[in-house]
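Only one structure is covered here, and it is reproduced in the block below.
Residue numbers (the numbering used here): 25 to 322.
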């Protein structure tokens, strides 16, 4: 079995057997391709079946010079999964990553925006621009529903259940969830559909896609990043933000206003409550305020 064949089979396994998203599969594939490039550049004669722990260690040492510990940990995790797959398929009997030590990394708490900063960002959108209304509702929807950027750009018109007050979201691993959408966001979506999108001719396969570019195709993740980056610059916001910042702010603001962590977990689409706890960090001043407000012996 050569590397190209093994990687292709692994991609199919991740898609069909594990139901992982396209972006996750791309990430796993890139890490395997890095390993293959390392082997080729160093004239190491190894196949996925014969590669040993020493070669993997040399690769990780090389990677450590170029990426941070968090990325190293992700690469090691991806390689471990790949070789576990080969064992599962009876191509190998051992996993060469078993003795690798994963770099210790602390919990990285995502940045968050205040409600005022969210309002400033959205109000800075130029609504006279042809794509202004569309950009406003994209950001409003991501923040109002706590969506991942990939979930927002793949949202479909048939996913809107406004009478019930929900939207249907297809999350990681093609897992479906229903998320509440408040009336203000519903109003903006309706304006966009009836007054803006109606003048765009969707290309084939994008007829049901909610957010379209001028050519009638779905927006890209990069485009949403660029929209946010420009808005942050326009209002003089000196924070490194991304669409995920809006998602994290959604969760943080809900928790600060008394929402239950389990409910937030369901809306974010997290399998584990531990993941939600990482995303929804609270500063010490807020914790102190909670104790002073709700503790029986305050």
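By construction, the Cβ of each residue, glycine as well, lies at the ideal position given by its N, Cα and C atoms.
Buried versus exposed call for residue i [16 or more other C-beta atoms within 10 Å across all chains shown]
i, result
"residue 258", "exposed"
"residue 205", "buried"
"residue 83", "buried"
"residue 145", "buried"
"residue 151", "exposed"
"residue 291", "buried"
"residue 172", "buried"
"residue 197", "exposed"
"residue 267", "buried"
"residue 107", "buried"
"residue 233", "buried"
"residue 207", "exposed"
Expected contact under 8 angstroms - CB spacing of residue i and residue j to nearest Å
i, j, result
"residue 136", "residue 276", "5 angstroms"
"residue 248", "residue 177", "7 angstroms"
"residue 142", "residue 169", "About 14 angstroms separates the two Cβ atoms, so there is no contact after all."
Coil, strand or helix - residue i by DSSP
i, result
"residue 235", "coil"
"residue 190", "strand"
"residue 180", "strand"
"residue 116", "coil"
"residue 267", "helix"
"residue 201", "strand"
"residue 97", "helix"
"residue 242", "strand"
"residue 307", "The predicted position of residue 307 is uncertain, since its pLDDT is 48 and thus under 50; a value taken from the coordinates is nonetheless stated next. Coil at residue 307, not helix or strand."
Contact under 8 angstroms by Cβ, residue i with residue j
i, j, result
"residue 189", "residue 293", "no"
"residue 121", "residue 104", "yes"
"residue 149", "residue 156", "yes"
"residue 77", "residue 110", "no"
"residue 227", "residue 241", "yes"
"residue 300", "residue 285", "yes"
"residue 45", "residue 174", "yes"
"residue 213", "residue 201", "no"
"residue 158", "residue 220", "yes"
Candidates the options, of which the one nearest residue i by Cα
i, options, result
"residue 31", "41, 90, 52", "52"
"residue 72", "28, 42, 38, 96", "28"
"residue 273", "207, 163, 240", "163"
"residue 96", "107, 75, 59, 203", "59"
"residue 36", "75, 74, 113", "113"
"residue 138", "263, 287, 296", "263"
"residue 186", "203, 199, 278, 287", "203"
"residue 3", "260, 283, 253", "Residue 3 lies beyond the range of the chain shown here (25 to 322); nothing can be said about it."
"residue 238", "231, 229, 224, 250", "224"
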